[in-house]
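Enquirer:
There are 2 protein chains.
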Amino acid sequence: MANERIGVVGTGRMGANIARRLKDVGYAVTAVYDINPESARSVGEEVGAMACRSLSGVTENADIIITVVSDDAAMYSIFAQTGDSLLVPEQPQAVGGKYFINCATITPAVHREIERILNARAAHSIEACMASSIPQARNGTLYLMCGGKREDFEHVRPLLEKMSSSLRYIGPAGKAAEVKALVNMVMNINTAALAEGLGLGEALGIDLDVLREVFSQTGAASRVLETDGADMQNRDHDCYFSAAHAAKDSGIAVSLARETGVELPLAQATLDQYERMKRAGLGELDKSGVSELTFKSRAAAHKVAH
Amino acid sequence: MANERIGVVGTGRMGANIARRLKDVGYAVTAVYDINPESARSVGEEVGAMACRSLSGVTENADIIITVVSDDAAMYSIFAQTGDSLLVPEQPQAVGGKYFINCATITPAVHREIERILNARAAHSIEACMASSIPQARNGTLYLMCGGKREDFEHVRPLLEKMSSSLRYIGPAGKAAEVKALVNMVMNINTAALAEGLGLGEALGIDLDVLREVFSQTGAASRVLETDGADMQNRDHDCYFSAAHAAKDSGIAVSLARETGVELPLAQATLDQYERMKRAGLGELDKSGVSELTFKSRAAAHKVAH
Numbered sequence: 000m001a002n003e004r005i006g007v008v009g010t011g012r013m014g015a016n017i018a019r020r021l022k023d024v025g026y027a028v029t030a031v032y033d034i035n036p037e038s039a040r041s042v043g044e045e046v047g048a049m050a051c052r053s054l055s056g057v058t059e060n061a062d063i064i065i066t067v068v069s070d071d072a073a074m075y076s077i078f079a080q081t082g083d084s085l086l087v088p089e090q091p092q093a094v095g096g097k098y099f100i101n102c103a104t105i106t107p108a109v110h111r112e113i114e115r116i117l118n119a120r121a122a123h124s125i126e127a128c129m130a131s132s133i134p135q136a137r138n139g140t141l142y143l144m145c146g147g148k149r150e151d152f153e154h155v156r157p158l159l160e161k162m163s164s165s166l167r168y169i170g171p172a173g174k175a176a177e178v179k180a181l182v183n184m185v186m187n188i189n190t191a192a193l194a195e196g197l198g199l200g201e202a203l204g205i206d207l208d209v210l211r212e213v214f215s216q217t218g219a220a221s222r223v224l225e226t227d228g229a230d231m232q233n234r235d236h237d238c239y240f241s242a243a244h245a246a247k248d249s250g251i252a253v254s255l256a257r258e259t260g261v262e263l264p265l266a267q268a269t270l271d272q273y274e275r276m277k278r279a280g281l282g283e284l285d286k287s288g289v290s291e292l293t294f295k296s297r298a299a300a301h302k303v304a305h
Numbered sequence: 000m001a002n003e004r005i006g007v008v009g010t011g012r013m014g015a016n017i018a019r020r021l022k023d024v025g026y027a028v029t030a031v032y033d034i035n036p037e038s039a040r041s042v043g044e045e046v047g048a049m050a051c052r053s054l055s056g057v058t059e060n061a062d063i064i065i066t067v068v069s070d071d072a073a074m075y076s077i078f079a080q081t082g083d084s085l086l087v088p089e090q091p092q093a094v095g096g097k098y099f100i101n102c103a104t105i106t107p108a109v110h111r112e113i114e115r116i117l118n119a120r121a122a123h124s125i126e127a128c129m130a131s132s133i134p135q136a137r138n139g140t141l142y143l144m145c146g147g148k149r150e151d152f153e154h155v156r157p158l159l160e161k162m163s164s165s166l167r168y169i170g171p172a173g174k175a176a177e178v179k180a181l182v183n184m185v186m187n188i189n190t191a192a193l194a195e196g197l198g199l200g201e202a203l204g205i206d207l208d209v210l211r212e213v214f215s216q217t218g219a220a221s222r223v224l225e226t227d228g229a230d231m232q233n234r235d236h237d238c239y240f241s242a243a244h245a246a247k248d249s250g251i252a253v254s255l256a257r258e259t260g261v262e263l264p265l266a267q268a269t270l271d272q273y274e275r276m277k278r279a280g281l282g283e284l285d286k287s288g289v290s291e292l293t294f295k296s297r298a299a300a301h302k303v304a305h
């Protein structure tokens, strides 16, 4: 399998690090593409891959194509049925036998539709949803939740194992994206909850170092306390996972809830908070930036409307 | 200090276990009281203490009195300025020099008022808020957050160290109760969040064993996932910490937020959920019972109105 040629579409920080990791462990990364040609050129040079000017160029020059794009619209555009596309519309056999692994967080239904489109052309589709961030992509320690046909997953498993320290097959197309949406929904609520706890603590004049330490040893403990607690206190909102992304993912979960008739008041309240951040121009802060709404002195500064 | 006589007011499961623990480590537990005389009789017999028929009897027969009552109203009633009370109103010197340690979760302002009342009678007041449950009371491994005058805390520290594996002095009267309210507020939000994640997961047909495992390894991980996740899935809502208590504590936090002008939409949404449980007759379930509202099949059964 290490003989197969790897393509990467989307050479942002996650995609670039996946390419670097796969080159490190001996894969031939042969083709990269990005809507920003300079990004593709630079990453291509680094990993020894052709920086393709067209999406069809990636399909032609790779056997397994990893896609890391930003949202549903970007996913549809790279698999468009006309114009320049990974599908190479003018040449319907071009994708036959190839494997497409999507690592972006998109709506579950889009995974199902992309699988249908690819299967109709004798190509394979795997979703590999990432529940970790940039350093894990570089080190091959991503937490990957996979969906698609079991045999397709098994075919690319050796590759995925090089990207991941924790690989899970969840079920058919869309199921991994559903689990990912649930993970991020709960993570986002816990994040907004922590921001409320620290914000009220500040208003009461409580030492936030002590408060975080107490939280860590009690029923208030959470993973986001470890990752975001100090950042909230110190207003260090450099972006690992943006508020805009949090809004997108909570939005996916709230939509799934609506479709299935489940009431989720906390998920809705959290989505509202991240939407407020976007309206206040804070969407590109890290998700920890939700504390800008719950710390009294900060909220005033941002004049955030409901 | 082990020569000092210990009284315990409130011999429910927490108070009884504190009495048992202190007896085990060599303290003389001399007086116990409960509004349910049979409970006091039984616990008194077990630890070799007098089961007092009156609150004044506890004051007369103990030097350090630990109070573990259910709420603000109960706290005011045991410290009433007329009738039968720990203050022994007809004999103003009765409480002089004695130490009162309150372990119940009550409103911060009530701690401050009780301290004022006791100090006016030359008695000492310490708050020792517990962030753990029944087994920890029995084993002397409570997480205790303490408030009051520093010298009063230091005086009873040897006793508190026998009750606690993690003892923290937070600040003046009321501050520990504020921290406790913040802990429970965040814990309750994380609990309601988890119930939403598992409820939506069920509606989507996702294996909840897998989902909990994924949560545990990602940004959705939390202490309540460990303590309440399986219980939510299995509808095992035997009470450790009741929904009614959760509503009370989230209510304290929401009141503090209102007083300090902080907006906490998630704390409010969580309070609403626990109030819904009470209205649906589910208030005596464990807090994990909030999943009865978020699992579609269960919510229908409970016909819970907003």
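Going down the list, the sequences are from chains E and Y. If you count the first sequence from 1, position 159 lands on 158 in numbering that gives the first Met the number 0, and the numbers rise without skipping. If you count the second sequence from 1, position 199 lands on 198 in numbering that gives the first Met the number 0, and the numbers rise without skipping. Glycine included, every Cβ here is placed at the ideal spot set by N, Cα and C. These numbers come from a predicted model, not from an experiment.
So for T81/Y, helix, strand or coil by DSSP?
Expert: Counting from one through the second sequence, the residue named residue 81/Y turns up at place 82. Coil, per DSSP.
Enquirer: For the alpha helix (DSSP H) containing N101/Y, name the first residue and the last one.
Expert: As a first step, residue 101/Y must be located in the second sequence, where it is residue number 102. First-last for N101/Y: Y98 to N101, but that is the beta strand (DSSP E), not the alpha helix (DSSP H).
Enquirer: G200/E and L181/Y: beta carbons closer than 7 Å?
Expert: Locating residue 200/E in the first sequence gives position 201, counting from the first residue. Locating residue 181/Y in the second sequence gives position 182, counting from the first residue. The answer is yes: Cβ separation under 7 Å.
Enquirer: Please check if any C-beta of chain E sits within less than 7 Å of the C-beta of G139/Y.
Expert: For the purposes of this step, residue 139/Y is taken as the residue at position 140 of the second sequence. So, not an interface residue.
Enquirer: Return helix, strand or coil for R4/Y, following the three-state DSSP convention.
Expert: The residue given as residue 4/Y occupies position 5 in the second sequence. Looking at R4/Y - three-state DSSP - the assignment turns out to be strand.
Enquirer: Which two residues bound the contiguous alpha helix (DSSP H) that contains E37/Y?
Expert: Sequence index remark: in the second sequence, residue 37/Y carries index 38 (1-based). Here the alpha helix (DSSP H) through E37/Y covers P36 to V46.
Enquirer: Give the single residue among D71/Y, I34/Y, S124/Y and V28/Y whose Cα lies nearest to the Cα of E44/Y.
Expert: To locate residue 44/Y, count along the second sequence from 1; it is residue 45. Taking only the C-alpha atoms, the option nearest E44/Y is V28/Y.
Enquirer: Can a CB atom of chain Y be found closer than 7 Å to the CB of G218/E?
Expert: For this step, residue 218/E is matched to residue 219 along the first sequence. Chain Y contact via Cβ: present.
Enquirer: For K295/Y and chain E, any beta-carbon pair shorter than 7 Å?
Expert: Your numbering for residue 295/Y matches position 296 in the second sequence. Output row for K295/Y: interface = yes.
Enquirer: Going along chain E, which residues have a C-beta under 7 Å from L284/Y?
Expert: Position 285 of the second sequence, counted from the start, is the residue given in the question as residue 284/Y. In chain order: nothing, as chain E lies at least about 17 Å away.
Enquirer: Who are the neighbours of A268/E on chain Y, taking C-beta pairs under 7 Å?
Expert: The residue you call residue 268/E lines up with position 269 of the first sequence. Under the 7 Å cutoff, chain Y gives P264, L265 and A268.
Enquirer: Under 7 Å, Cβ to Cβ, is there at least one residue of chain E near A316/Y?
Expert: Because chain Y spans 0 through 305 in this model, residue 316/Y falls outside it and cannot be assessed.
Enquirer: Does any CB atom of chain Y fall closer than 7 Å to the CB of S76/E?
Expert: Reading the first sequence from its first residue, position 77 is the one you call residue 76/E. Not closer than 7 Å to any Cβ of chain Y, the Cβ of S76/E fails to qualify, so no.
Enquirer: Name, in chain order, the residues that DSSP records as bridge partners for V31/Y.
Expert: What you label residue 31/Y is simply residue 32 of the second sequence in a count that begins at 1. DSSP lists V7/Y and A50/Y as partners of V31/Y.
Enquirer: Which runs of the beta strand (DSSP E), 3 residues or longer, sit entirely within the segment 133–195 of chain E?
Expert: The segment 133–195 of chain E contains these whole beta strand (DSSP E) runs: 141–147 and 163–170.
Enquirer: For V155/Y, which residues of its own chain have a beta-carbon under 7 Å away from its beta-carbon, when the five flanking residues on both sides are left out?
Expert: One-based indexing of the second sequence puts residue 155/Y at position 156. Within the same chain, V155/Y has close Cβ partners I63, Y98, I100 and I125.
Enquirer: Name the chain Y residues whose beta carbon is nearer than 8 Å to that of I105/E?
Expert: In the first sequence, the residue the question calls residue 105/E occupies position 106. The contacting residues do not exist; I105/E stays about 16 Å from chain Y at best.
Enquirer: Applying a beta-carbon distance threshold of less than 7 Å, which residues of chain Y neighbour L281/E?
Expert: Sequence index remark: in the first sequence, residue 281/E carries index 282 (1-based). None at all; the shortest Cβ gap to chain Y is about 16 Å.
Enquirer: For chain Y, check one thing: does any of its Cβ atoms lie closer than 7 Å to the Cβ of G146/E?
Expert: Locating residue 146/E in the first sequence gives position 147, where the first residue counts as 1. No, no contact with chain Y.
Enquirer: So that I know if they touch, is there some Cβ in chain Y lying closer than 7 Å to that of Y273/E?
Expert: As a first step, residue 273/E is located in the first sequence; it is residue number 274 there, counting from the start. Not one chain Y Cβ lies under 7 Å of Y273/E.
Enquirer: Report back the beta-carbon spacing between V209/Y and I169/E to the nearest angstrom; my notes put them in contact at under 8 Å.
Expert: Taking the first residue of the second sequence as position 1, residue 209/Y is located at position 210. Taking the first residue of the first sequence as position 1, residue 169/E is located at position 170. Correct: roughly 7 Å between the Cβ atoms.
Enquirer: Between the alpha carbons of E37/Y and A245/Y, how many angstroms are there, rounded?
Expert: Residue numbering aside, residue 37/Y sits at position 38 when the second sequence is read from its first letter. Residue numbering aside, residue 245/Y sits at position 246 when the second sequence is read from its first letter. If you take the alpha carbons of E37/Y and A245/Y, they lie about 28 Å apart.
Enquirer: With a threshold of 7 Å between beta carbons, is G82/E in contact with chain Y?
Expert: Sequence index remark: in the first sequence, residue 82/E carries index 83 (1-based). Taking Cβ atoms only, chain Y never reaches closer than 7 Å to G82/E, which makes this a no.
Enquirer: Is there a Cβ from chain Y that is less than 7 Å from the Cβ of M186/E?
Expert: Numbered from 1 along the first sequence, position 187 holds the residue referred to as residue 186/E. Cβ-Cβ to chain Y under 7 Å: yes for M186/E.
Enquirer: V31/Y and V67/Y: beta carbons closer than 7 Å?
Expert: By 1-based counting over the second sequence, the position of residue 31/Y is 32. By 1-based counting over the second sequence, the position of residue 67/Y is 68. The answer is no: Cβ separation not under 7 Å.
Enquirer: Work out the CA separation of E225/Y and A18/Y for me, nearest whole Å.
Expert: Start at 1 with the first residue of the second sequence, and residue 18/Y comes out as number 19. Start at 1 with the first residue of the second sequence, and residue 225/Y comes out as number 226. Going by the C-alpha atoms only, they are around 29 Å apart.
Enquirer: For chain Y, is any of its Cβ atoms less than 7 Å away from the one on E195/E?
Expert: Residue mapping note: residue 195/E aligns to position 196 of the first sequence, counting from 1. Yes, contact with chain Y.
Enquirer: Indicate, with yes or no, if the ligand NAP has a heavy atom lying under 6 Å from the CB of E150/E.
Expert: Annotation note on the ligand NAP: not contained in the displayed structure, which lists no ligands.
Enquirer: Hey, how far is the Cα of S84/Y from the Cα of E3/Y?
Expert: Taking the first residue of the second sequence as position 1, residue 84/Y is located at position 85. Taking the first residue of the second sequence as position 1, residue 3/Y is located at position 4. Taking the straight line joining both Cα atoms gives about 21 Å.
Enquirer: Quick one: what does DSSP say S221/E is sitting in, helix, strand or coil?
Expert: Taking the first sequence and counting its residues from 1, one reaches residue 221/E at position 222. In this structure, S221/E counts as strand in the three-state DSSP scheme.
Enquirer: Between which two residues does the beta strand (DSSP E) carrying H123/Y extend?
Expert: Locating residue 123/Y in the second sequence gives position 124, counting from the first residue. Where H123/Y is concerned, the enclosing beta strand (DSSP E) stretches over H123 to M129.
Enquirer: Pull the bridge partners of I63/Y from the DSSP assignment, please.
Expert: Taking the first residue of the second sequence as position 1, residue 63/Y is located at position 64. Per DSSP, I5/Y and Y98/Y.
Enquirer: Nearest by alpha-carbon distance to Y75/Y: which of V57/Y, A192/Y and I105/Y is it?
Expert: As a working mapping, residue 75/Y is identified with position 76 in the second sequence. Among V57/Y, A192/Y and I105/Y, the Cα nearest to that of Y75/Y belongs to I105/Y.
Enquirer: Determine the burial state of E195/Y: buried for a count of at least 16 other Cβ atoms within 10 Å of its Cβ, exposed for fewer.
Expert: Against the second sequence, residue 195/Y aligns to sequence position 196. Result: buried.
Enquirer: Residues in its own chain within less than 8 Å of T58/Y by CB, not counting five upstream and five downstream?
Expert: One-based indexing of the second sequence puts residue 58/Y at position 59. Excluding sequence neighbours, T58/Y sits near G6, I64, L85, L86, V87, A93, V94 and K97.
Enquirer: For chain E, is any of its Cβ atoms less than 7 Å away from the one on L143/Y?
Expert: By one-based count along the second sequence, residue 143/Y stands at place 144. No - not a single Cβ of chain E is within 7 Å of the one on L143/Y.
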